[in-house]
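Asker:
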Amino acid sequence: MPPLVDSKMPHAKLHFLYSDHHSWLYTWIRKRLDNHFDAADLAQDTFLRIHSRHNIDKIKEPRPYLATVAKGIISHFYRRKSLEQSYLNYLSTMPDAAASSDEYRLILLQTLEQVDILLDAMPSHIKKVFLMHQLEGMKYKEIADEMGISLISAKRYMKQALIQCLSIMEDDILETT
Amino acid sequence: MKPPETSPNSSLEQAAEWIIRQQEAPLSYQDKIAFEHWKNTSKANQKAWLMAEKLMGDIESLPKDMAIKVLNRPDSSERRYAIGKLALLLAAGPSLWGGYQAVKHQQWFADYRTAKGEFKKVTLPDGSTIKLNTATAFNIELSKKKRLLTLKEGEIDVQIASNPHRYGPFLVNTQEVELTPIGQNIAVRQEQQITRVVALKGDVYALPHQKQANHPIVISAGTEASLSRFSLISNTPIKALSTSWLDHMIAVNNMPLAQFIKEVSRYRHGIIRVSPNLADLAISGAFPNSDTNIILTMLSHTYPIEVKKHFAGYWVSLEKR
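Going down the list, the protein sequences come from chains A and B. The first sequence lines up with residues 1 to 177 when you count with full-length UniProt numbering. The second sequence lines up with residues 1 to 321 when you count with full-length UniProt numbering.
1. If you follow the beta strand (DSSP E) that M249(B) is part of, which residue opens it and which one closes it?
2. Is there a Cβ from chain A that is less than 7 Å from the Cβ of N293(B)?
3. Is N89(A) buried or exposed, if buried means 16 or more other CB atoms sit within 10 Å of its CB?
4. Where does S52(A) fall in DSSP's three states?
5. Can you tell me where the alpha helix (DSSP H) with E24(B) in it begins and where it stops?
6. Quick check: is the beta carbon of D58(B) nearer than 7 Å to any beta carbon in chain A?
7. If you measure from the beta carbon of D171(A) to each beta carbon in chain B, is any gap under 7 Å?
8. Distance cutoff 7 Å, beta carbons only. Does I19(B) sit that close to anything in chain A?
9. Nearest chain B C-beta to Y26(A) closer than 7 Å, yes or no?
10. Can you tell me which of the three DSSP states F47(A) falls into?
11. Within the 7 Å Cβ cut-off, does L14(A) reach chain B?
12. Closest Cβ-Cβ distance between E13(B) and chain A: below 7 Å?
13. Cβ of W49(B) within 7 Å of Cβ of K64(B)?
14. Determine the closest residue to M132(A) out of S92(A), D171(A), A70(A), Y157(A), with distance taken between C-alpha atoms.
15. Taking buried to mean at least 16 other C-beta atoms within 10 Å of its own C-beta, is R266(B) buried or exposed?
16. Determine, for S86(A), whether the minimum Cβ-Cβ distance to residues of chain B falls below 7 Å.
17. Where L299(B) and T41(B) are concerned, what is the direct C-alpha to C-alpha distance, given to the nearest angstrom?
18. Please check if any C-beta of chain B sits within less than 7 Å of the C-beta of Q164(A).
19. Which residue's Cα is closest to the Cα of H310(B): L106(A), M147(A), L118(A), D120(A)?
20. Grouping DSSP H, G and I as helix and E and B as strand, with all else coil, what is E224(B)?
21. Strictly below 9 Å CB to CB, what residues from chain A border F311(B)?
22. For E113(A), name the three-state secondary structure that DSSP assigns.
23. Classify Y112(B) as helix, strand or coil using the three-state DSSP reduction.
24. Could you work out which residues of chain B lie near D116(A), taking near to mean beta carbons separated by less than 7 Å?
25. Hey, how far is the Cα of T243(B) from the Cα of S167(A)?
26. Output the distance between the C-alpha atoms of Y65(A) and H54(A), rounded to the nearest integer angstrom.
27. I need the straight-line Cα distance from E17(B) to E24(B), nearest angstrom please.
28. Closest to W315(B) by CA distance: which of L109(A), D20(A), I73(A) is it?
29. Could you check which residue in L135(A), V129(A), G137(A) has the C-alpha nearest to that of L151(A)?
30. Output the distance between the C-alpha atoms of S153(A) and K120(B), rounded to the nearest integer angstrom.
31. Are any of the Cβ atoms in chain A nearer than 7 Å to that of I305(B)?
32. With 7 Å as the threshold, decide whether the Cβ of K159(A) is near any Cβ in chain B.
33. Would S61(B) count as contacting chain E if we go by Cβ distances under 7 Å?
34. Could you give the C-beta distance for P125(B) and L148(B), rounded to a whole number, given that I count them as a contact under 8 Å?
35. Note down, in chain order, each residue of its chain lying with its Cβ closer than 8 Å to the Cβ of H269(B), except the 5 sequence neighbours on either side.
36. Please go through the same chain and pick out, in chain order, the residues whose beta-carbon is closer than 8 Å to the beta-carbon of A121(A), but skip the five residues on each side of it.
Here's what the structure looks like:
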């Protein structure tokens, strides 16, 4: 079984990475989070993320690398919390929405998160064009007028936004496969 | 239609252009042919279009009004605030959390707190020890006149050091009542509009903040009581649940699942939803409160409950199996 030999090595490396640096990473995250409950989860997430990247062999400086990955995970954690809060706030103001099933609300939340990740890295003017056009259904002419930009710019921003969404989706696919 | 390019991003770029064209107006017959041709020109184009369809599908499926409000939140500033606040705490060091001494008035006061899921034991300068359960905060003022502990939220266990000369009597203040323990050990929990008191060692005198009469309510040793800001609500022998947190457990006997999950949620971030047809299921046993994931696993092994986790456990739903 040749694949077993190949997959065994990274596994052992992950194990060493984990046992050598887990408590350091936990403390590092803990200092930035003031909650050891979440910190333990996020430390775990960091190792999972590294595991899924399949590039443990290439890590030369484990701690700076772990810290970089963990920073992304902490930022993601905050983004998710704020999304969740915003969603719950919305639900609390909408009696109809609250009456729908838990399952449906969860699906909505997951979809929101997907889209939110895509929008997160966009410059605000581009995000604005994207939301106005895709969600509010505004025409490019209306967007251009409201934002005081040219029609060409409005379309160009939209295209930039779409390209960015698609390339993030592509990265995600590459990372998980 | 441009001929396919070789740069890696060209497929994504073209997919973006096709989305824009399709959204602007229905494609003409010739455009449709060009579009089909483009899709089938390369694997990269095919993949790019699959992602484009997924993206548009995701956006389609969202109720527009809600999505705008949620997605357009002032996200970055909140996060910057949160991160900035953490950076400040980090810079200030642990002393900010541990309390401080104010020598000026020969008085000592401090704030103590625990986060969700945290447990802490602190010793005060008078020798009293306080255990803090999850998500708890209290202030303390020590002076010759009195030792006043104000519980703001959460649950504490107080072992009172007898120290009659240097310090005055020990009082515990909550949102509803002022408590004077006669003995050495008392546990107090602040709930919404209710204070729960466990007289572990010695009687406790309780004075609700809006009580008319001046004589206090006596909570006898070995009993626990619930009080509103007006009166005593109940007084019963001590239940296992009221003290099991001191052993890091949640001990219950025939507690409805919905209520049990409320207890568990005190120790866990995120949301646990109980399906209505499970709400009354009677739960018994002792569960470790230091790891709520273990509790969820135990539930799924012992009861006809299916635990569905989403968002890395941030959102959990319990459904009938």
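Positions of the beta carbon are idealized from the N, C-alpha and C atoms, including for glycine.
Answerer: Put simply:
1. In the DSSP assignment, M249(B) falls within the unbroken beta strand (DSSP E) covering 249 to 256.
2. No, its Cβ sits nowhere closer than 7 Å to a Cβ of chain A.
3. When all chains shown are included, N89(A) counts as exposed.
4. S52(A): helix per DSSP, three-state reduction.
5. Residues 10 to 24.
6. Residue-level contact by beta carbon holds for D58(B) and chain A, with a gap shorter than 7 Å.
7. So no, D171(A) is outside the interface.
8. Cβ-Cβ to chain A under 7 Å: yes for I19(B).
9. Cβ-Cβ to chain B under 7 Å: no for Y26(A).
10. The answer is helix: DSSP assigns F47(A) an H, G or I state.
11. It does not; no Cβ of chain B falls within 7 Å.
12. Yes, contact with chain A.
13. It is not a contact, given that the beta carbons lie outside the stated cut-off.
14. The closest CA to that of M132(A), considering only S92(A), D171(A), A70(A), Y157(A), is found on Y157(A).
15. Flag for R266(B) reads buried.
16. By this cut-off, S86(A) is an interface position.
17. Looking at the two C-alpha atoms, the distance is approximately 53 Å.
18. Chain B contact via Cβ: absent.
19. Out of L106(A), M147(A), L118(A), D120(A), L106(A) has the C-alpha closest to the C-alpha of H310(B).
20. E224(B): strand per DSSP, three-state reduction.
21. Chain A residues near F311(B): R80, E84, L106, L109, Q110, E113.
22. E113(A): helix per DSSP, three-state reduction.
23. Note: Y112(B) maps to strand in three-state DSSP.
24. Neighbours of D116(A) on chain B, chain order: L71.
25. Their backbone Cα atoms lie some 54 Å apart in a straight line.
26. Cα to Cα, Y65(A) sits roughly 14 Å from H54(A).
27. Spanning the two alpha carbons is a distance of roughly 11 Å.
28. Closest by C-alpha distance to W315(B), out of L109(A), D20(A), I73(A), is L109(A).
29. Nearest of L135(A), V129(A), G137(A) to L151(A), Cα basis: V129(A).
30. Approximately 57 Å between the Cα atoms of the pair.
31. Contact of I305(B) with chain A is not assigned, every C-beta pair being separated by 7 Å or more.
32. Chain B, which has a Cβ nearer than 7 Å to the Cβ of K159(A), makes this yes.
33. No chain E appears in this structure, whose protein chains are A and B.
34. The C-beta distance from P125(B) to L148(B) rounds to 14 Å, too long to fall under 8 Å, and the pair is not in contact.
35. Only residues of its own chain outside the window of five on either side were considered, and among them K116, G117, Y314 have a CB closer than 8 Å to the CB of H269(B), listed in chain order.
36. Beyond the five residues adjoining it in sequence on each side, A121(A) comes within less than 8 Å, by CB distance, of Q164, I168 in the same chain, given in chain order.
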